[in-house]
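Chemist:
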Amino acid sequence: MNSKRVLVRRTAAVAAAGVAALVLAACGGSGDSSAGHDGHTTKSPSASAPAAQGQNNAADVAFAKGMIPHHRQAVEMADLAPSRVESAEVKKLTAAIKAAQDPEIQTMSGWLTSWGEEVPAEGAMDHSMHGTGGMMTAEEMDQLKNSSGKAFDTAFMKLMIKHHEGAVAMAKTEQAEGAYEPAKKMAGEIIASQTAEITQMNKLLGAN
Numbered sequence: 008m009n010s011k012r013v014l015v016r017r018t019a020a021v022a023a024a025g026v027a028a029l030v031l032a033a034c035g036g037s038g039d040s041s042a043g044h045d046g047h048t049t050k051s052p053s054a055s056a057p058a059a060q061g062q063n064n065a066a067d068v069a070f071a072k073g074m075i076p077h078h079r080q081a082v083e084m085a086d087l088a089p090s091r092v093e094s095a096e097v098k099k100l101t102a103a104i105k106a107a108q109d110p111e112i113q114t115m116s117g118w119l120t121s122w123g124e125e126v127p128a129e130g131a132m133d134h135s136m137h138g139t140g141g142m143m144t145a146e147e148m149d150q151l152k153n154s155s156g157k158a159f160d161t162a163f164m165k166l167m168i169k170h171h172e173g174a175v176a177m178a179k180t181e182q183a184e185g186a187y188e189p190a191k192k193m194a195g196e197i198i199a200s201q202t203a204e205i206t207q208m209n210k211l212l213g214a215n
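Residues are numbered in our numbering as their position in the sequence shown, beginning at 1, plus a constant of 7.
#1: Does the count of Cβ pairs from the segment 92-102 and the segment 161-168 closer than 8 Å reach three?
#2: When the Cβ atoms of the segment 150-161 are set against those of the segment 177-189, are three or more pairs found closer than 8 Å?
#3: Using the Cβ count rule (16 or more neighbours within 10 Å means buried), how would you classify residue 7?
#4: Assuming contact is defined by CB atoms lying nearer than 8 Å, are residue 71 and residue 190 in contact in what I supplied?
#5: Using only the alpha-carbon positions, how far apart do residue 149 and residue 74 sit?
#6: Going residue by residue through the segment 86-114, where are the continuous beta strand (DSSP E) segments of at least 3 residues, counting only ones entirely within it?
#7: If we call anything under 8 Å between Cβ atoms a contact, is residue 141 one with residue 172?
#8: Tell me whether residue 82 sits in a helix, a strand or coil according to DSSP, three-state version.
#9: Using the C-alpha atoms, what's the distance from residue 66 back to residue 221?
#10: Ignore the nearest five residues each way along the sequence and tell me which others in residue 120's own chain have a CB closer than 8 Å to its CB.
#11: If residue 167 and residue 84 are in contact, beta carbons under 8 Å, what's the gap, nearest whole angstrom?
#12: Using beta-carbon positions only, say whether residue 91 and residue 154 come within less than 8 Å of one another.
#13: What ranges does the alpha helix (DSSP H) occupy inside the segment 173-205, keeping only unbroken runs of at least 4 residues that lie completely in it?
#14: Return the CA-CA distance between residue 63 and residue 204, expressed in angstroms with no decimal places.
The structure is reproduced here in structure tokens:
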């Protein structure tokens, strides 16, 4: 009788240990061996906190607040092209600019919101942080709107080269001074893509 009781107790203990092991495995995450025995406590903060929280600095905020209106103007310039452009290459370029910069505006707006910062209002331009950054004046935008054909192509490229140069300078500042890795990564992508587009536009202008 006693041996049976001991056997039952041992069986229950083994079962309880098995359940406890399963609970610990579930807490540790799905196959994250790096979390270790205290995986639940080390993994929880990063999983529950907003991705951007506590990882940005003033340079990151300045980059997003400066680049959003800068990108918006580039998209506005690109939107003028379909009814005015003559060159197929320039038309393709304007479409590429819009396709790249529209999503970046949304991403940077999301960063600012998660950081508790205000997203620049439509039409707002903050020149205090980055100077003019190659932004078009109201007069330059009006001249672009009133041109068409080859004149539009030439004006667009000349203005966009200046615009891109401003964006590249802003992106280099972010890479040097920023702390938020996704923003620094985006800055690198802006430098690479817009430098390539500057080269392309200079070649097209030289060929005209």
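Even for Gly, the Cβ is constructed at its ideal location relative to N, Cα and C.
Modeler: This is what the structure holds:
#1: yes
#2: no
#3: As shown, the chain starts at 8 and ends at 215. That puts residue 7 outside it, with no answer to give.
#4: Your numbering for residue 71 matches position 64 in the sequence shown. Your numbering for residue 190 matches position 183 in the sequence shown. Yes; because the gap between Cβ atoms is below 8 Å, this pair is in contact.
#5: Stepping through the sequence shown from its first residue, residue 149 is reached at position 142. Stepping through the sequence shown from its first residue, residue 74 is reached at position 67. Rounded to whole angstroms, residue 149 to residue 74 spans 22 Å at the Cα level.
#6: none
#7: Here residue 141 refers to the residue found at position 134 of the sequence shown. Here residue 172 refers to the residue found at position 165 of the sequence shown. Going by C-beta atoms, residue 141 is nearer than 8 Å to residue 172.
#8: Taking the sequence shown and counting its residues from 1, one reaches residue 82 at position 75. Three-state result, residue 82: helix.
#9: Limits of the chain in this structure are 8 at one end and 215 at the other, which puts residue 221 out of reach.
#10: Taking the sequence shown and counting its residues from 1, one reaches residue 120 at position 113. The answer, listed in chain order, is 126.
#11: The sequence position of residue 167 within the sequence shown is 160, counting from 1. The sequence position of residue 84 within the sequence shown is 77, counting from 1. With a Cβ gap of about 7 Å, residue 167 and residue 84 count as contacting.
#12: Against the sequence shown, residue 91 aligns to sequence position 84. Against the sequence shown, residue 154 aligns to sequence position 147. Taking 8 Å as the Cβ cut-off, residue 91 and residue 154 qualify as a contacting pair.
#13: none
#14: Here residue 63 refers to the residue found at position 56 when the sequence shown is read from its first residue. Here residue 204 refers to the residue found at position 197 when the sequence shown is read from its first residue. The alpha-carbon atoms of residue 63 and residue 204 are separated by roughly 29 Å.
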